[in-house]
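Chains as they are written, first to last, in the numbering used here: chain A, 13 to 260; chain B, 13 to 260. Beta carbons are placed, not taken as given, at the ideal position from N, Cα and C, and that holds for glycine. Step one of this worksheet: look at the structure below.
Number of protein chains: 2
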Amino acid sequence: MSETLPSQVRIVLVEPAGALNVGSIARVMKNMGLSQLVLVNPTCDLQSDDARKMAMRAIDVLEAAQIVDSIPEALVGCHRAIATAVRSRIDSPLEHPREALPWLLEPGLNTALLFGSEDRGLSNEELKYAQRFVYIPTSDRYRSLNLAQAVAICCYELFQAPIPDATLSIPCSLDALDRAYQHLESVLLDIGYLQPHTAASRMEKFRHLFNRANLSEAELSLLRGILRQVEWATHDRTSEQTSKDSRT
Amino acid sequence: MSETLPSQVRIVLVEPAGALNVGSIARVMKNMGLSQLVLVNPTCDLQSDDARKMAMRAIDVLEAAQIVDSIPEALVGCHRAIATAVRSRIDSPLEHPREALPWLLEPGLNTALLFGSEDRGLSNEELKYAQRFVYIPTSDRYRSLNLAQAVAICCYELFQAPIPDATLSIPCSLDALDRAYQHLESVLLDIGYLQPHTAASRMEKFRHLFNRANLSEAELSLLRGILRQVEWATHDRTSEQTSKDSRT
Numbered sequence: 013m014s015e016t017l018p019s020q021v022r023i024v025l026v027e028p029a030g031a032l033n034v035g036s037i038a039r040v041m042k043n044m045g046l047s048q049l050v051l052v053n054p055t056c057d058l059q060s061d062d063a064r065k066m067a068m069r070a071i072d073v074l075e076a077a078q079i080v081d082s083i084p085e086a087l088v089g090c091h092r093a094i095a096t097a098v099r100s101r102i103d104s105p106l107e108h109p110r111e112a113l114p115w116l117l118e119p120g121l122n123t124a125l126l127f128g129s130e131d132r133g134l135s136n137e138e139l140k141y142a143q144r145f146v147y148i149p150t151s152d153r154y155r156s157l158n159l160a161q162a163v164a165i166c167c168y169e170l171f172q173a174p175i176p177d178a179t180l181s182i183p184c185s186l187d188a189l190d191r192a193y194q195h196l197e198s199v200l201l202d203i204g205y206l207q208p209h210t211a212a213s214r215m216e217k218f219r220h221l222f223n224r225a226n227l228s229e230a231e232l233s234l235l236r237g238i239l240r241q242v243e244w245a246t247h248d249r250t251s252e253q254t255s256k257d258s259r260t
Numbered sequence: 013m014s015e016t017l018p019s020q021v022r023i024v025l026v027e028p029a030g031a032l033n034v035g036s037i038a039r040v041m042k043n044m045g046l047s048q049l050v051l052v053n054p055t056c057d058l059q060s061d062d063a064r065k066m067a068m069r070a071i072d073v074l075e076a077a078q079i080v081d082s083i084p085e086a087l088v089g090c091h092r093a094i095a096t097a098v099r100s101r102i103d104s105p106l107e108h109p110r111e112a113l114p115w116l117l118e119p120g121l122n123t124a125l126l127f128g129s130e131d132r133g134l135s136n137e138e139l140k141y142a143q144r145f146v147y148i149p150t151s152d153r154y155r156s157l158n159l160a161q162a163v164a165i166c167c168y169e170l171f172q173a174p175i176p177d178a179t180l181s182i183p184c185s186l187d188a189l190d191r192a193y194q195h196l197e198s199v200l201l202d203i204g205y206l207q208p209h210t211a212a213s214r215m216e217k218f219r220h221l222f223n224r225a226n227l228s229e230a231e232l233s234l235l236r237g238i239l240r241q242v243e244w245a246t247h248d249r250t251s252e253q254t255s256k257d258s259r260t
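Rendered as structure tokens:
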């Protein structure tokens, strides 16, 4: 990982509850050349003595931590996100940190690594914001890692990782992708493909599919163009229909 | 690393001061399939709430931890030891954990990984008990890792490491090596090669040399044999001398 540029990888903690953990995480981030810490609805106090005691000389990372209300807000401007998952939760393939994490270091991108809360990890609902999933291998005797230890291992792997070559196309940002999903859902409801009571589970399947595809900005534009065309065509037909009805 | 056998690697903490750290270390050891924790003169209470809170479901590792008075006592029966070092301290080569740690997993050996205290690491005096030295790479902006995080990263690397083939010869145990050093020193003083005031620094050089050589049990026997022969020869000559003196 480059030491000359500020790292592009943000560490996102979802509902962390332990101030000691958050302090330790700030420290190991700085040890491993990272500086962007984002907390989604933390239930602990970042300015507490516990947090500051553990952060030691990484108080700057702790003080610059950003607090937000939702995962989409934590991911604004991000092009790629990887979530840490507990084996049983997810049906997408789980990858070794060493295999997946270099993907976050591709030059020119903003990226995120997501961790769930100490007692429950990331829910299926939360995992869906990521495109890839890592699992830290552990002994069968005791699988549950302390949050700060899990972050330490991932930050260490990021620091060791080779920087991949830039791909030719610019991937779309995750917030742009999220807006596209909302657009798609509204169009599919509009044309009667989706019913309100089944929309959520059907949309989940589309999210899976498109997340896997790592869409570029250009490809997302194409898809948004199709949606706008469908809207135009159906509204047009609806208004034609309405005017026809009024004529008869 | 094998999950079927109890691990042969003991984690040795020299003068740990933080109960939270020791608890976290017990937890990550169990996560990574390790169970032997040895503390040399700890200055914190292992049975405190802090330690137990962090150990979570690894209370068994914490409760089975062995407390000893010295590093040699912590290494009794060990064949190999690696110490974690701070870059500036040591003139032996520092290795990446991924490179050196598999050496501790060679079948049939008892081995140890040593960590110094939170505020000062391992001294030169303490480092000399190890044969190899690892350094966890960190950012130049902040080099000092939290003790529990350093142990977590090394335990994770041990858990990932391929198990090396058994070497043909059995390495000598570190306590046998230590006894050999004491024997050598006493013989060298006896024959006037060492002077009491320079013995320590000269012996340091021999330790360096023989630690580097990774002596086998058979080789150590050979060397001890030479020492015994020198003792026999010099005592014999001394007693001959004495009897000659008494005859004149």
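- Residues of chain B whose Cβ lies closer than 8 Å to the Cβ of A:Ile165 are, in chain order, Ala164, Ile165, Tyr168.
- The C-beta distance from A:Pro109 to B:Phe171 rounds to 12 Å, too long to fall under 8 Å, and the pair is not in contact.
- The Cβ of B:Gln172 sits closer than 8 Å to at least one Cβ of chain A.
- Within the stretch 17-50 of chain A, the residues whose Cβ lies closer than 7 Å to some Cβ of chain B are Leu32, Ser36, Arg39, Val40, Lys42, Asn43, Met44, Gly45, listed in chain order.
- Remark: C-beta atoms of B:Val52 and B:Thr123 do not approach each other more closely than 8 Å.
- Proximity of chain A to B:Ser151 at the Cβ level (cut-off 8 Å) is accounted for by Glu15, Lys42, Asn43, Met44, Gly45, Phe171, in chain order.
- The beta-carbon distance between A:Ile94 and A:Val146, rounded to whole angstroms, is 6 Å. This is short enough to meet the 8 Å contact definition.
- In the three-state DSSP reduction, B:Pro183 falls in the strand class (E or B).
- In this structure, the straight-line span from the alpha carbon of B:Leu87 to that of B:Asp187 is close to 7 Å.
- Within the same chain, and ignoring the five residues on either side of B:Gly128 in sequence, the residues whose Cβ sits closer than 6 Å to its Cβ are Val26, Leu134.
- Per the C-alpha coordinates, the member of A:Pro176, A:Leu221, A:Asn33 positioned closest to A:Asp57 is A:Asn33.
- In the three-state scheme derived from DSSP, where H, G and I count as helix and E and B as strand, A:Glu118 is classed as coil.
- None of the residues of the stretch 183-199 of chain A has a beta carbon lying less than 7 Å from any beta carbon of chain B.
- Nearest CB-CB separation between A:Tyr205 and chain B: not below the 8 Å threshold.
- A residue is called buried once 16 or more other Cβ atoms fall within 10 Å of its Cβ, and A:Ser36 is buried on that count.
- Closest by C-alpha distance to B:His91, out of B:Lys65, B:Arg144, B:Thr55, B:Ser213, is B:Arg144.
- Shown here, B:Leu125 sits in a strand according to DSSP, grouped into three states.
- Residues of the stretch 61-94 of chain A that bring their beta carbon within less than 8 Å of a beta carbon in chain B comprise Met66, Met68, Arg69, Ala70, in sequence order.
- Excluding sequence positions up to five before and after B:Ser104, its CB lies within less than 7 Å of the CB of Phe145, all in the same chain and listed in chain order.
- The distance from the Cβ of A:Tyr154 to that of B:Lys42 is about 4 Å, consistent with a contact at the 8 Å cut-off.
- The beta carbons of A:Glu197 and A:Leu206 sit closer together than 8 Å.
- Non-local C-beta neighbours of B:Pro208 in its own chain, meaning closer than 6 Å and more than five positions away in sequence, are absent.
- In this model, A:Asp190 and A:Lys140 are separated by some 11 Å (Cα to Cα).
- For the alpha helix (DSSP H) assignment, the uninterrupted runs of no fewer than 4 residues enclosed by the stretch 61-94 of chain B are, from N- to C-terminal side, 61-67, 71-75, 83-86.
- In this structure, B:Gln161 lies near A:Val40, with their beta-carbon atoms less than 8 Å apart.
- The three-state reading of DSSP puts A:Gln48 in strand, counting E and B together.
- Only those residues of the stretch 123-154 of chain A whose C-beta falls short of 9 Å from the nearest C-beta of chain B are listed: Ile148, Pro149, Thr150, Ser151, Asp152, Arg153, Tyr154.
- Listed in chain order, the non-local C-beta contacts of B:Ala67 below 6 Å within the same chain comprise Gly35, Ala38, Arg39, Leu74, local neighbours out to five positions each way being set aside.
- Among the CB atoms of chain A, one or more fall inside 8 Å of the CB of B:Gln161.
- At least one CB atom of chain A sits nearer than 8 Å to the CB of B:Leu157.
- Bridge partners of B:Thr96 according to DSSP: B:Val146.
- Considering only B:Leu126, B:Asp202, B:Val242, B:Asn226, the residue with the shortest C-alpha distance to B:Ile182 is B:Asn226.
- For B:Ile23, the uninterrupted beta strand (DSSP E) segment begins and ends at 21-26.
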